[in-house]
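Colleague: Okay, so the sequence shown: first residue is 19 according to our numbering, each after it adds one.
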Amino acid sequence: MGNRLSKIYTRTGDDGSTGLGDGSRVAKDSARVGAYGTVDELNSNIGVLLAQNLPDTLREPLVSIQHQLFDLGGELCIPGHAAIFDADIDRLENILDALNADLPPLKDFILPGGSAAAAHAHVARTVCRRAERDVVSLARHDAVRPQAIRYLNRLSDLLFVMARVLARVDGASEVLWQHTRRNG
């Protein structure tokens, strides 16, 4: 188990650097810190989603996903560490397929909204997409396992499907983009 903090502030980051899990220090605005910071933000957004009234079919996978996102943050914080595996991505795909099976096919683009829980799922989805972009940016100059990128890509798809499910569970309807509207 890692170090336990008995004191929250250490002052070691006052110079604009932070420690990685391998003991090295990098700038707080480095691509690596940005990537695992956005994964942490995603995890927080899923926490907000979990604070909503959700069916167990969504709650249970989301709690598991929060733990996996913490693992992913660790993988990104410790260069060379592996914490997300193909089986984790397969699990997301299985959940996604099961949830999507009962949804009507998409014929229009969907705008974020529909219900409070669905809107929170959409916010988590967009933060997930940003996390994916940040990890791709990191991978341009540092080693990143492809499972990290694939996991985030699949998770954003899953969050989209969860938003669709939640709009229906809450008795709301999806907000469809009106492509024929007039501006002005």
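Yeah, the Cβ is synthetic: ideal placement off N, Cα and C, and Gly gets one too.
My understanding is that residue 188 touches residue 133, with C-beta atoms under 8 angstroms, so please give their C-beta distance in whole angstroms.
Modeller: Along the sequence shown, read from residue 1 onward, the residue named residue 188 stands at position 170. Along the sequence shown, read from residue 1 onward, the residue named residue 133 stands at position 115. Indeed they touch by this definition, with Cβ atoms about 4 angstroms apart.
Colleague: Pull up the distance between the alpha-carbon of residue 126 and that of residue 67, whole angstroms please.
Modeller: Position 108 of the sequence shown, counting from 1, holds the residue named residue 126. Position 49 of the sequence shown, counting from 1, holds the residue named residue 67. Looking at the two C-alpha atoms, the distance is approximately 25 angstroms.
Colleague: Could you check the C-alpha separation between residue 43 and residue 52 for me, to the nearest Å?
Modeller: Here residue 43 refers to the residue found at position 25 of the sequence shown. Here residue 52 refers to the residue found at position 34 of the sequence shown. Spanning the two alpha carbons is a distance of roughly 14 angstroms.
Colleague: Residue 194 bridges to which residues according to DSSP?
Modeller: Here residue 194 refers to the residue found at position 176 when the sequence shown is read from its first residue. Note: residue 194 sits in a beta bridge opposite 128.
Colleague: Tell me the residue span of the alpha helix (DSSP H) that contains residue 89.
Modeller: For the purposes of this step, residue 89 is taken as residue 71 along the sequence shown, with counting starting at 1. Segment 74-95, the alpha helix (DSSP H) holding residue 89.
Colleague: Taking the C-alpha atoms as reference points, what is the distance between residue 177 and residue 163?
Modeller: If you number the sequence shown from 1, residue 177 lands on position 159. If you number the sequence shown from 1, residue 163 lands on position 145. Spanning the two alpha carbons is a distance of roughly 22 angstroms.
Colleague: For residue 105 versus residue 89, is the C-beta distance shorter than 7 angstroms?
Modeller: Within the sequence shown, numbered from 1, the residue matching residue 105 stands at position 87. Within the sequence shown, numbered from 1, the residue matching residue 89 stands at position 71. Their beta carbons are not under 7 angstroms apart, which means residue 105 does not touch residue 89 by this criterion.
Colleague: Go ahead and pull the three-state DSSP assignment for residue 163.
Modeller: For the purposes of this step, residue 163 is taken as the residue at position 145 of the sequence shown. Coil.
Colleague: What is the DSSP secondary structure of residue 147, reduced to helix, strand or coil?
Modeller: Reading the sequence shown from its first residue, position 129 is the one you call residue 147. Note: residue 147 maps to helix in three-state DSSP.
Colleague: Spatial neighbours of residue 150 within its chain, please: C-beta separation below 7 angstroms, excluding the five flanking residues on both sides.
Modeller: On the sequence shown, position 132 is the one that residue 150 refers to. Same-chain partners within the cutoff: 167, 170, 171 and 174.
Colleague: Provide the residue span of the alpha helix (DSSP H) that contains residue 63, from first to last.
Modeller: For the purposes of this step, residue 63 is taken as residue 45 along the sequence shown, with counting starting at 1. Residue 63 -> alpha helix (DSSP H) spans 49-68.
Colleague: Can you check whether the CB of residue 184 is closer than 7 angstroms to the CB of residue 135?
Modeller: The residue you call residue 135 lines up with position 117 of the sequence shown. The residue you call residue 184 lines up with position 166 of the sequence shown. It is a contact, given that the beta carbons lie within the stated cut-off.
Colleague: Given a cut-off of 7 angstroms on the beta-carbon distance, is the pair residue 152 and residue 97 in contact?
Modeller: In the sequence shown, the residue the question calls residue 152 occupies position 134. In the sequence shown, the residue the question calls residue 97 occupies position 79. Not a contact, by the Cβ cut-off of 7 angstroms.
Colleague: Report the three-state DSSP secondary structure of residue 43 (helix, strand or coil).
Modeller: Counting from one through the sequence shown, the residue named residue 43 turns up at place 25. Strand.
Colleague: Measuring CA to CA, which of 147, 129, 181 and 182 is closest to residue 197?
Modeller: In the sequence shown, residue 197 corresponds to position 179, counting from 1. It is 129 whose Cα lies nearest to the Cα of residue 197.
Colleague: Since residue 117 is in the alpha helix (DSSP H), which residue starts that stretch and which ends it?
Modeller: Taking the sequence shown and counting its residues from 1, one reaches residue 117 at position 99. That run of the alpha helix (DSSP H) goes 104-118.
Colleague: Considering Cα atoms alone, identify which of 194, 63, 95 and 121 is closest to residue 145.
Modeller: As a first step, residue 145 is located in the sequence shown; it is residue number 127 there, counting from the start. Comparing Cα positions, the closest option is 63.
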